[in-house]
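Numbering (our numbering), first residue to last: 2 to 322.
Some notes on the structure that comes next.
The following block contains the structure:
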């Protein structure tokens, strides 16, 4: 797609559109039948309660309360019929368009005609320099409001806490974690610790991919949901007290491999992206490279200066990488 066409898309995006696109690309589906156009966004929850150190919230109630704020924002933008549907392990927000409105066509344009989160990628416009940083931040906030979680079980081995962004694992969306990483690090200055891939060599047979971000730098993004933001704030305060001098570096793109992973018969599985099918990996960054990441330690000068060589070389310990 040429730059002229992309630049023309700037007329059809703002912070609210970016936020909605984040919601949709995280867990959205688009359909059209019988003159009714519909967008459904799934807000999953698997735990009855979510808790930090001292704070604790009922997950279902907290999501329903937070969705009222999101509903009003989406309603103001789209003028669609917005319905909230409660299910056993998720709450679904559905937008219905009776007419072929500009908003509906705008959504389809930015998603390149794709209709489900199995296939969605980050909209190309998010990588344009002309797009304000605040809009890019709103896109990520929309994505993490659906697919991000902050809880004590995400804690790293040194005791500091992490946000995890879950990307459901389908053969056609393995590029999504690479794109989110690039948008966060290159455009928003939020360092990624690592991507935990749902790959047989990583011990996570086709489970969701997880982007791991330390809580302190994630403060630049935050959550719309009050319960998630309250826990994030509590854990950030904890981490600053625990490790006041801790530095948070962007991923260097290459690290020392400390051990060889066992080969798996599932390395040729059809559920893998065709670019990595038949390949064996010993670390997460090798998968990133195969999927298009161009990062190397030498390309980090524009992101951060004076990176300690030990931080560049060391492999993360305590995660399946």
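Yeah, the Cβ is synthetic: ideal placement off N, Cα and C, and Gly gets one too.
Being a predicted model, the structure only gives us computed values, none of them experimental.
{"Check": "Please state the DSSP three-state secondary structure of residue 70.", "Outcome": "helix"}
{"Check": "Where does the unbroken alpha helix (DSSP H) through residue 149 begin, and where does it stop?", "Outcome": "That residue, residue 149, is in no alpha helix (DSSP H); its beta strand (DSSP E) goes 149 to 151."}
{"Check": "Can you tell me which of the three DSSP states residue 123 falls into?", "Outcome": "coil"}
{"Check": "Any idea if residue 3 is buried or exposed, counting beta-carbon neighbours within 10 angstroms, 16 or more meaning buried?", "Outcome": "No answer about residue 3 holds up, because its pLDDT of 49 lies below 50 and its placement is not dependable."}
{"Check": "Which of the three DSSP states, helix, strand or coil, is assigned to residue 83?", "Outcome": "strand"}
{"Check": "Around the C-beta of residue 19, are 16 or more other C-beta atoms found within 10 angstroms, so that it is buried, or is it exposed?", "Outcome": "buried"}
{"Check": "Going by other Cβ atoms of all chains shown within 10 Å of its Cβ, with 16 needed for buried, is residue 114 buried or exposed?", "Outcome": "exposed"}
{"Check": "Can you list, in chain order, the residues of its chain whose CB lies under 7 Å from that of residue 75, leaving out five sequence neighbours each side?", "Outcome": "21, 83 and 96"}
{"Check": "Compute the distance between the beta-carbons of residue 209 and residue 151, then report whether it is under 8 Å.", "Outcome": "no"}
{"Check": "Give me the Cα-Cα distance between residue 88 and residue 125, rounded to the nearest whole angstrom.", "Outcome": "33 Å"}
{"Check": "Between the alpha carbons of residue 85 and residue 50, how many angstroms are there, rounded?", "Outcome": "20 Å"}
{"Check": "From residue 196 to residue 77, what does the alpha carbon distance come to, in whole angstroms?", "Outcome": "35 Å"}
{"Check": "If you pair each beta-carbon of the region 147 to 166 with each one of the region 211 to 222, do three or more pairs fall below 8 Å?", "Outcome": "yes"}
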